[in-house]
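In what follows, a structure is listed as structure tokens, so that the remarks can point back to it.
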Amino acid sequence: MSYLIAILLGYGLGCINPAYLLGILKGFDIRSKGTYNAGASNAKVTMGWPAFFIVVVYDILKAFIAVLLIRHFYPGQEGAAILAGCMAVIGHIFPFYLQFKGGKGFACYIGLVFAVNWKIGIVLVVIGLALSFLANWIVMATLVFIICFPIYCILTNAPLITIIAALSVSALILYKHLNNFQKLRKGEEIGINGKPVSFLLKKEDNN
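Residue numbers (the working numbering): 23 to 229.
Here it is, written out as structure tokens:
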């Protein structure tokens, strides 16, 4: 029963998409503007920084809260708690009422990591931000999380369910970001400085 509740609770929380809802309040579908993605980065593009911060905070919290709620109501059921966090990520990416077209899940993934171990979460945030600014790739932080967190789980002998969840959700988020990496390869991805970047150099420096 705890696993069924975890699936329903996590997915339900994940389906609540603040980027989409804020767009509707402003009279448009965020999936039809900007990068066509119902997530924080497109919220910044289409509605500005205030919307970006609202979306990021909520998206992080929904996976974090999903884990905490299952831990509270089902003490000792850590596998169910982690499953709830993973389902929040899946709900964010595939919300049923948006024809299963949501965001890319990275902010939710951050919430999941913090719920599992807030200390490693802080470490990965610091490393991810530092490398993102050094490389001028926004997606660098995504790579740091989806690579390092599963490795951390394996090295610390985390429960098998946690390792499987970390690997599965990491693979899903990597898949959702493939377009970003394709743009990086072509020199079409927009960097932190607002200019096109390639894997190693700014696009304008490649000539």
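Virtual Cβ for every residue (Gly too), placed ideally from N, Cα, C.
With DSSP collapsed to three states, give me the class of Pro40.
Along the sequence shown, read from residue 1 onward, the residue named residue 40 stands at position 18. Three-state result, Pro40: helix.
Helix, strand or coil: which one does DSSP assign to Pro218?
The count along the sequence shown starts at 1 and reaches residue 218 at position 196. It is a strand residue.
Leaving out five residues on either side along the sequence, give the residues of the same chain with a beta carbon under 7 Å from the beta carbon of Leu83.
The residue given as residue 83 occupies position 61 in the sequence shown. For Leu83, where only same-chain residues beyond five positions count, the Cβ hits under 7 Å are Gly133.
How about Phe146 and Val166: are their beta carbons less than 8 Å apart?
Indexing the sequence shown from 1 puts residue 146 at position 124. Indexing the sequence shown from 1 puts residue 166 at position 144. Position check: residue 146 holds Leu in this sequence, whereas Phe was assumed. For Leu146 and Val166, yes; Cβs fall inside 8 Å.
If you follow the alpha helix (DSSP H) that Met162 is part of, which residue opens it and which one closes it?
Numbered from its first residue, the sequence shown carries residue 162 at position 140. From DSSP, the alpha helix (DSSP H) with Met162 extends over Met162 to Leu177.
If I measure Cβ to Cβ from Leu223 and keep anything under 6 Å in the same chain, skipping five residues before and after, which residues do I get?
The residue labelled residue 223 in the question sits at position 201 within the sequence shown. At Leu223 the pLDDT is 49, less than 50, meaning the model places this residue with poor confidence; the figure from the coordinates comes in the next sentence. Taken in chain order, the list of residues that qualify is empty.
6 Å Cβ shell around Ser24 - same chain, five flanking residues per side excluded:
Indexing the sequence shown from 1 puts residue 24 at position 2. Taken in chain order, the residues that qualify are Tyr96, Gln99 and Ala102.
In three-state DSSP terms, what is Glu210?
Within the sequence shown, the letter at position 188 stands for residue 210. Reduced to three states, the DSSP call for Glu210 is coil.
Backbone secondary structure at Trp159 - three-state DSSP:
Numbered from 1 along the sequence shown, position 137 holds the residue referred to as residue 159. Correct three-state label for Trp159: coil.
Excluding five sequence neighbours on each side, which residues of the same chain lie with their C-beta closer than 7 Å to the C-beta of Leu35?
The count along the sequence shown starts at 1 and reaches residue 35 at position 13. Within the same chain, Leu35 has close Cβ partners Lys84, Ile87, Ala88, Ala110 and Gly113.
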